[in-house]
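Visitor: Those protein sequences? They're chains D and Z, same order as listed. 124 is the number that UniProt numbering gives to position 124 of the first sequence; each next residue is one higher, with no gaps. 42 is the number that UniProt numbering gives to position 42 of the second sequence; each next residue is one higher, with no gaps.
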Amino acid sequence: MGAYTLKRLFALIPVLFIVSIVVFLITRLTPGSPAAIILGQGASPEQIAALSKEMGLDEPVVSQYFIWLSNIFHGDFGYSYFLNKPVLGAIWDNVGPTVSLAILAQIFGVAFALLFGIYAAKHKGTIRDESIMGASLLGISIPSFLLGSFLILLFAVQLRIFPVSGYVPLNAGLFEYLKYLVLPTITLGAIQAALITRMTRSSLLDTISENFVKTAKAKGLNERTIMLKHTLRVSFLPILTVIGESFAGLVTGAAVTESLFNIPGLGQLIVSSIERRDYALIQGAVLLITVAYVVINLVVDLLYAVIDPRVRNSYHD
Amino acid sequence: MKRTYLLFISLLTIVLMVAGCSGNASKNTSSEKEGKEGGTLNVASQSEPATLDAQITGDSDVKDATRSIYEGLMILDDKGNPKPDLASKVDISDDKKTYTFHLRKGVKFHNGKEMTADDVVASINRWIKLSSLGKTNFSGAEMTKTNDDTVELHLPSPNVNTLSLLADPIPAAAILPKEVVDNASDEGIKDYIGTGPYKVKEWKKNQYLLLEKFKDYSSKGREVKKTPHVDEIKISFVSDESTRISGITTGQFDVALSVSSDNAKQVEGSQNAKVETSPGGFMGLFYNADKGVFKDINARKAVNAALNSKDILDSSYGSSDYYKLSSSIVNKEYPNYYSTAGKEEYNQHDKKKAKEYLKKSGYNGEEIRLMASRDYQDQYNTAVVVQQELKDIGMNVKLEVYDWATFSDKMSDTNQWDIYPVDWNARSTIFQGFWTTKGTSVEKSMDYLNKIKAAPSVKEARGDIDAIQQYVWDELPFTLIGHKVNINAVSNNAKGYEYNLGPIFYNMSLTK
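1) Distance check for residue 99/Z and residue 160/Z, CA to CA, integer angstroms please.
2) Just checking, does the stretch 384-395 of chain Z make contact with the stretch 366-373 of chain Z on the three C-beta pairs under 8 Å criterion?
3) Taking the continuous beta strand (DSSP E) assigned at residue 147/Z, which residues delimit it?
4) Can you name, in chain order, every residue of its own chain whose Cβ lies under 8 Å from the Cβ of residue 287/D, other than the five neighbours on each side?
5) Could you spell out the range, first to last residue, of the alpha helix (DSSP H) harbouring residue 183/Z?
6) Is residue 68/Z near the ligand ZN, in the sense that its beta carbon is under 7 Å from a heavy atom of that ligand?
7) Consider the Cβ of residue 142/D: report whether some Cβ of chain Z lies at a distance smaller than 8 Å.
8) Ordered along the chain, which non-local residues of its own chain (more than five positions away) have a Cβ less than 8 Å from that of residue 101/D?
9) Tell me the residue span of the alpha helix (DSSP H) that contains residue 145/D.
10) Assuming residue 278/Z is part of the beta strand (DSSP E), what are its boundary residues?
11) Closer than 7 Å between beta carbons: that is the criterion. Which residues of the stretch 412-434 of chain Z meet it against chain D?
12) Among the residues of its own chain, which have a CB less than 7 Å from the CB of residue 262/Z, if the five just before and after it don't count?
13) What residues of chain Z sit near residue 82/D, judged by a beta carbon separation below 8 Å?
14) How many angstroms separate the CA atom of residue 281/D from the CA atom of residue 293/D?
15) Are there three or more Cβ pairs, one per stretch, closer than 8 Å when the stretch 459-467 of chain Z is compared with the stretch 309-317 of chain Z?
16) State the DSSP-derived secondary structure class of residue 15/Z, mapped to helix, strand or coil.
17) What are the partner residues of residue 371/Z, as DSSP defines its beta bridges?
18) Quick check on this structure: which residue in 340/Z, 512/Z and 426/Z has the alpha carbon closest to the alpha carbon of residue 63/Z?
19) I want to know whether the stretch 269-285 of chain D touches the stretch 85-92 of chain D - three or more CB-CB distances under 8 Å.
20) If I measure Cβ to Cβ from residue 349/Z and keep anything under 6 Å in the same chain, skipping five residues before and after, which residues do I get?
21) Can you confirm whether residue 410/Z, when its beta carbon is compared against all beta carbons of chain D, has any partner nearer than 8 Å?
22) Compare the C-beta of residue 4/Z against all C-beta atoms of chain D and say whether one is closer than 8 Å.
23) Given that a residue counts as buried once 16 or more other Cβ atoms are within 10 Å of its Cβ, and exposed if not, what is residue 44/D?
24) Within the same chain, show all residues whose beta-carbon is closer than 7 Å to that of residue 199/Z, passing over the 5 residues directly before and after it, in chain order.
25) Mind listing the chain Z neighbours of residue 268/D? Cutoff is C-beta to C-beta under 9 Å, in chain order.
26) Anything in chain Z within Cβ reach of residue 157/D, meaning under 7 Å, just list it in chain order.
27) Counting only the same chain and skipping the five closest in sequence on each side, list residues whose C-beta sits under 6 Å from that of residue 155/Z.
28) Alpha carbon to alpha carbon, how far is residue 504/Z from residue 91/Z? Give it in angstroms, no decimals.
29) Report the residue from 279/D, 125/D and 63/D whose alpha carbon sits nearest the alpha carbon of residue 201/D.
30) With a threshold of 16 other CB atoms inside 10 Å of the CB of residue 20/Z, please say whether the residue is buried or exposed.
31) Can you round the beta-carbon distance between residue 209/Z and residue 510/Z to whole angstroms, since I take them to be within the 8 Å contact cut?
32) Where do the N-terminal and C-terminal ends of the alpha helix (DSSP H) with residue 213/D fall, by residue?
33) Can the beta-carbon of residue 184/Z be found closer than 8 Å to that of residue 37/D?
34) Answer with yes or no whether the minimum CB distance from residue 96/D to chain Z is below 8 Å.
35) Would you list the one or two residues that DSSP bridges to residue 52/Z?
36) Expressed to the nearest angstrom, what Euclidean distance is found between the alpha-carbon atoms of residue 245/D and residue 147/D?
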């Protein structure tokens, strides 16, 4: 298993190399000068040229790339002139809200999905099953900005239960922290909940018809034990894949939710850095997100082994 | 199970009933209450300033955020007339080339140091060197120190706008401590220290700017009063407009900036906030008069004759409450530079005449690149209607849409575009940045601007002000489509909101 992990980590190197070239080229080929944006309207060409030079943008693109790459090997991901701080520091400042939101959305999504997925599977073909499936289809189809706007309108503007927008870190108190994250969590987690509900239901239905479940029933085990201890465990592998993929998506794709609820997370940071042509920040953030994506997927793959002994054994073959 | 369903339906009914009633429940009468001292004024701004160096940039985000932090020698009153601010008195020499500023005594910077002539000299000379207003209007001018309380601005030639330009907030001739100027690079100051009623407490990038009341501040003896009431002003950067609107409706924000006309109606219908409108800048359609089809004046006249300003502005701003049909570059609210010269050329929507001009220009179906940015919805909407109106007179117009950074980049290269709509900030004078826009006929306009500068007074410059307005309509460096109305939302809980070339927060107070 150790060898497998190492192999996967080594496979990350060419991926990162290709991503670094692509993101570097995209930022450099997109029109718009970061120096002109920093200096604003009325800046003279001389001022823009001077700042571009200070930012190292007067060098040929190829040498800019290798300077950037060699700095990364020394742990220096560059400097954000807009935020006036190193790229790693800027990303670190914005990771907390995104990870908080992603974890809460995932907990919400999984809890909701397991509850309703199991319930739907258990009552297959009934109106309750159809209702849950209909609701989950709606959850997949509804755009997050629309759901978020609706939640804001109902729970923040009309009922005044939750704040409209903003973020309070955990050290300001658990209640305040959660109060600001409830609506974004539901907004971001709804699509995960819907997806995992459908996956849980179909996976459970596949397993229910297996012989070992029939045997368990014949042995007189009660239905709850069969469902939770035997059926769900076997059905969990495909569910885990969806959870893993969706969690990586939550961490990396929360930009719309963050923007709607004004949460200072990674998504919002990347969107604003693209608008400002903050090259160093765009490059650093995309590279680190790639690492996060691959690592999360690797962790999910390793979790297979924990859950399923057959997968565990295959690592030794 | 049936009981569960009944419970669910009952709960849902209660939730919806409460939702329906809560609008009335939250009705308050705070508009009748007086503002009190203290508290935090929460402002939601669409975007974050790129810098807090008010001297070097004309961006409105920077102006709005820094207006409470810095002050100048002069300040504009609500009619656009310059009044002494950090200066107590101004003497002008007979030849109009030397302005003597007597400095107000006992003015303190946010770092506790008292303002001296050295600070003023360093600040104004930096502003002349780096700001767009300084570079274009004060080339060759210099500020010198006479004694600790007096400075002199020496001009190479008279400029009737000297005091107005020193009072203009975009970009502001802000007075900074000399050491801040000495430590600054041309790309911006590093310490944000001014003499204004509020000082910078924290700037959390991507989140908010927190300003704190400056305890040693006093505007005693000044004509334009600044009376800070709230302890803090927190300007949050909220890019999503619906979030800003929801925030002001619920009381999370006291001021929401940049409200679109679509959402203004929602605010007007709210019990907790009101819409504040104020004169905005003009929307102009700028021609590439250097290259291509619009090098020929007849092609520009064809477009100008074809345009229906009302249709365009209806599409951009929704209702006539949120725009003004006006042929003048400067708003009526600033009478010194308001002019109706050439108004017969404005808003003609005469397709027959347009086609005649087009024929005269020798236009032969060449593709016209109409460039627009969707980052500013009004500019994009304008471009869409203009495209249709020009197609109607037989022009082959291709709409090219970019994000703002790309748009700005392309704008400076006349090989990249033929025509584009852009709106400018409202200004109190005709001396605005668009004169140096690439592709406009700037050389001839400079003669008119120089004549205005050389006039003994603004009153005596009236003929030249009308002449440059007439020149715009005769030569068409751009077609003025109309003026927008700036819309901001202010909570009923907040008092003292003012607007003069942008929102002013430093006199605001809260009722609870």
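We put the CB at the ideal spot given by N, CA and C, even for glycine. Keep in mind the model is a prediction, meaning the values are calculated, not measured.
Guide: According to the data block:
1) As a working mapping, residue 160/Z is identified with position 160 in the second sequence. As a working mapping, residue 99/Z is identified with position 99 in the second sequence. The straight-line gap separating the alpha-carbon atoms of residue 160/Z and residue 99/Z is approximately 11 Å.
2) Result yes; three or more Cβ-Cβ pairs closer than 8 Å.
3) As a first step, residue 147/Z is located in the second sequence; it is residue number 147 there, counting from the start. If you look at residue 147/Z, you'll find it in the beta strand (DSSP E) that goes 142-147.
4) On the first sequence, residue 287/D is found 287 positions in, with the first residue counted as 1. For residue 287/D, the CB contacts under 8 Å within the same chain, skipping 5 residues up- and downstream, are 16, 19, 20, 23, 72 and 77 in chain order.
5) What you label residue 183/Z is simply residue 183 of the second sequence in a count that begins at 1. Start and end: 178-183.
6) You won't find the ligand ZN in this model; it holds no ligand whatsoever.
7) If you number the first sequence from 1, residue 142/D lands on position 142. Not one chain Z Cβ lies under 8 Å of residue 142/D.
8) Position 101 of the first sequence, counted from the start, is the residue given in the question as residue 101/D. Counting only Cβ-Cβ distances below 8 Å, and skipping sequence neighbours, we find 181, 184, 185, 188, 250, 254, 257, 258, 263 and 265.
9) Residue numbering aside, residue 145/D sits at position 145 when the first sequence is read from its first letter. Counting along the chain, the unbroken alpha helix (DSSP H) around residue 145/D starts and ends at 144-151.
10) Here residue 278/Z corresponds to residue number 278 of the second sequence, with the count starting at 1. 273-287 is the extent of the beta strand (DSSP E) around residue 278/Z.
11) Among the residues of the stretch 412-434 of chain Z, those with a Cβ less than 7 Å away from any Cβ of chain D are 433, in the order of the chain.
12) Walking along the second sequence from the start, residue 262/Z turns up at place 262. Excluding residues within five positions, the ones whose Cβ falls inside 7 Å are 318.
13) What you label residue 82/D is simply residue 82 of the first sequence in a count that begins at 1. By Cβ distance, chain Z contributes 50 and 205.
14) Here residue 281/D refers to the residue found at position 281 when the first sequence is read from its first residue. Here residue 293/D refers to the residue found at position 293 when the first sequence is read from its first residue. About 18 Å.
15) Using a Cβ-Cβ distance cut-off of 8 Å, the stretch 459-467 of chain Z and the stretch 309-317 of chain Z are not in contact, since fewer than three pairs of beta carbons, one from each stretch, lie closer than that value.
16) Within the second sequence, numbered from 1, the residue matching residue 15/Z stands at position 15. With a pLDDT of 43 at residue 15/Z, under the threshold of 50, the modelled position of this residue cannot be trusted; read the value that follows with caution. In the three-state reduction of the DSSP assignment, residue 15/Z falls in the helix class.
17) Position 371 of the second sequence, counted from the first residue, corresponds to residue 371/Z. Among the bridge pairs identified by DSSP, residue 371/Z is matched with 400/Z.
18) Working through the second sequence from its first residue, we reach residue 63/Z at position 63. When each option's Cα is compared against that of residue 63/Z, the closest is 426/Z.
19) Touching, yes, given that three or more Cβ pairs across the two stretches are closer than 8 Å.
20) Within the second sequence, numbered from 1, the residue matching residue 349/Z stands at position 349. Excluding residues within five positions, the ones whose Cβ falls inside 6 Å are 308.
21) In the second sequence, counting from the first residue as 1, residue 410/Z sits at position 410. Residue 410/Z counts as touching chain D.
22) For the purposes of this step, residue 4/Z is taken as the residue at position 4 of the second sequence. Caution applies to residue 4/Z, whose pLDDT of 48 falls short of 50 and renders its modelled position unreliable; the value that the coordinates give is listed next. No, because no Cβ of chain D sits closer than 8 Å to the Cβ of residue 4/Z.
23) As a position in the first sequence, residue 44/D is number 44, starting the count at 1. The residue is exposed, with fewer than 16 neighbouring Cβ atoms inside 10 Å.
24) Residue numbering aside, residue 199/Z sits at position 199 when the second sequence is read from its first letter. Excluding residues within five positions, the ones whose Cβ falls inside 7 Å are 69, 110, 211, 212 and 214.
25) Here residue 268/D corresponds to residue number 268 of the first sequence, with the count starting at 1. Going along chain Z in sequence order, the residues near residue 268/D (Cβ under 9 Å) are 206 and 239.
26) On the first sequence, residue 157/D is found 157 positions in, with the first residue counted as 1. 246, 249 and 250, listed in chain order.
27) Walking along the second sequence from the start, residue 155/Z turns up at place 155. Excluding sequence neighbours, residue 155/Z sits near 97 and 141.
28) The residue you call residue 91/Z lines up with position 91 of the second sequence. The residue you call residue 504/Z lines up with position 504 of the second sequence. When rounded, the distance between both Cα atoms is 29 Å.
29) The residue given as residue 201/D occupies position 201 in the first sequence. It is 125/D.
30) On the second sequence, residue 20/Z is found 20 positions in, with the first residue counted as 1. For residue 20/Z, the predicted model reports a pLDDT of 39, less than 50, meaning its position is unreliable; a value from the coordinates is still stated below. Around the Cβ of residue 20/Z, a 10 Å sphere holds fewer than 16 other Cβ atoms; the residue is exposed.
31) As a first step, residue 209/Z is located in the second sequence; it is residue number 209 there, counting from the start. As a first step, residue 510/Z is located in the second sequence; it is residue number 510 there, counting from the start. In this structure residue 209/Z is not in contact with residue 510/Z, their Cβ atoms being roughly 18 Å apart against a cut-off of 8 Å.
32) What you label residue 213/D is simply residue 213 of the first sequence in a count that begins at 1. 211-218 is the span of the alpha helix (DSSP H), which, as asked, contains residue 213/D.
33) Taking the second sequence and counting its residues from 1, the one referred to as residue 184/Z is at position 184. Taking the first sequence and counting its residues from 1, the one referred to as residue 37/D is at position 37. The beta carbons of residue 184/Z and residue 37/D sit no closer together than 8 Å.
34) Counting from one through the first sequence, the residue named residue 96/D turns up at place 96. It does not: the Cβ of residue 96/D has no partner Cβ on chain Z nearer than 8 Å.
35) Along the second sequence, read from residue 1 onward, the residue named residue 52/Z stands at position 52. Looking at the DSSP output, residue 52/Z shares a beta bridge with no other residue.
36) Indexing the first sequence from 1 puts residue 245/D at position 245. Indexing the first sequence from 1 puts residue 147/D at position 147. C-alpha separation (whole angstroms): 22 Å.
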